[in-house]
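Peer 1: Residues in the sequence shown are numbered consecutively from 37, following this note's numbering.
Sharing a structure with you now.
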Amino acid sequence: MNKPLRPANTDGTYCYSVGKSLRRNETCTTAPIPTMQAEADAKRFEPSPGLLTVYVVRKRWGDAKNVVRLTPNQGSAVTIVPESFVRLRLTPGTNKLAAAWDEGNTALEVTGKAGEVVFVELIGSVWSWGSSYRLEQGSAAASRERALGLRLVADIG
């Protein structure tokens, strides 16, 4: 059972929160998130005709703090917060995904055909002495299951 998803803020942004009300830490998107209808559509995990659909999923127990900037093919960056996901519809072939946070960056090349759906996991560890992240190809079944309980924070393409 998943915990209920928090609604978007009045300005359309979304914040992931941890901690009690007096010591709450929030990690927020910098732009408004997609509508609930777009999220429901994304959670069907259907391919986009003529495009490669890539889902980037971020949900790990040791990752509850940083905003990570995700950039497909050196385009415009979107922010991804803990316990969220992004849907990217890209040109078929090889695409580069770059992720950057205050302490570093990482990248992954993703290859796929038109009409294919690919899952990528953004795996992070946050400790008092620093943070590290990596992008890796995800298992379709496990990534899809994780994404169902998460908030869609960007829908590109």
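Where a beta carbon is used, it is the ideal one built from N, C-alpha and C, also for glycine.
Sort Leu186, Ala190 and Ala176 by Cα distance to Glu82 and report the nearest one.
Peer 2: Translated into the one-based positions of the sequence shown, residue 82 becomes position 46. Minimum Cα distance to Glu82 is reached at Ala176.
Peer 1: Would Tyr91 pass as a contact of Arg187 if the rule is Cβ separation under 7 Å?
Peer 2: As a first step, residue 91 must be located in the sequence shown, where it is residue number 55. As a first step, residue 187 must be located in the sequence shown, where it is residue number 151. No, these two residues do not count as a Cβ contact at 7 Å.
Peer 1: Could you check where the beta strand (DSSP E) with Leu126 kicks off and where it finishes?
Peer 2: If you number the sequence shown from 1, residue 126 lands on position 90. That run of the beta strand (DSSP E) goes Ser120 to Leu126.
Peer 1: Contact between the stretch 124-132 and the stretch 68-87 is defined here as three or more beta-carbon pairs at a separation below 8 Å; is this criterion met?
Peer 2: yes
Peer 1: For the alpha helix (DSSP H) containing Ser112, list its first residue and its last residue.
Peer 2: Here residue 112 corresponds to residue number 76 of the sequence shown, with the count starting at 1. Here Ser112 belongs to no alpha helix (DSSP H), and DSSP marks it neither H nor E.
Peer 1: Pick helix, strand or coil for Ala74, following the three-state DSSP scheme.
Peer 2: In the sequence shown, residue 74 corresponds to position 38, counting from 1. Ala74 falls in the helix class under three-state DSSP.
Peer 1: Can you list, in chain order, the residues of its chain with a C-beta nearer than 8 Å to that of Thr66? Leave out the 5 residues immediately preceding and following it.
Peer 2: The count along the sequence shown starts at 1 and reaches residue 66 at position 30. Contacts found: Thr49, Val103 and Thr115.
Peer 1: Determine the DSSP secondary structure at Arg182, reduced to helix, strand or coil.
Peer 2: On the sequence shown, position 146 is the one that residue 182 refers to. Helix at Arg182.
Peer 1: Between the Cα of Lys101 and those of Leu171, Asn61 and Gly174, spot the shortest distance and give me the residue it belongs to.
Peer 2: Taking the first residue of the sequence shown as 1, we reach residue 101 at position 65. Nearest C-alpha to Lys101: Asn61.
Peer 1: Return helix, strand or coil for Met37, following the three-state DSSP convention.
Peer 2: Locating residue 37 in the sequence shown gives position 1, counting from the first residue. Confidence is the limiting factor: at Met37 the pLDDT is only 46, short of 50, which leaves the residue's position unreliable, though a coordinate-based value still follows. It is coil, neither helix nor strand.
Peer 1: Does DSSP put Ala177 in a helix, a strand or coil?
Peer 2: Start at 1 with the first residue of the sequence shown, and residue 177 comes out as number 141. Reduced to three states, the DSSP call for Ala177 is helix.
Peer 1: In the DSSP assignment, find the beta strand (DSSP E) that holds Gly148 and state where it starts and stops.
Peer 2: As a working note, residue 148 is residue 112 in the sequence shown. Gly148 -> beta strand (DSSP E) spans Gly140 to Gly148.
Peer 1: Express the C-alpha separation of Gly98 and Gly144 in angstroms, rounding to a whole number.
Peer 2: One-based indexing of the sequence shown puts residue 144 at position 108. One-based indexing of the sequence shown puts residue 98 at position 62. Per the sequence presented here, residue 144 reads as Leu, with Gly not at that position. Counting only the Cα atoms, Gly98 lies some 21 Å from Leu144.
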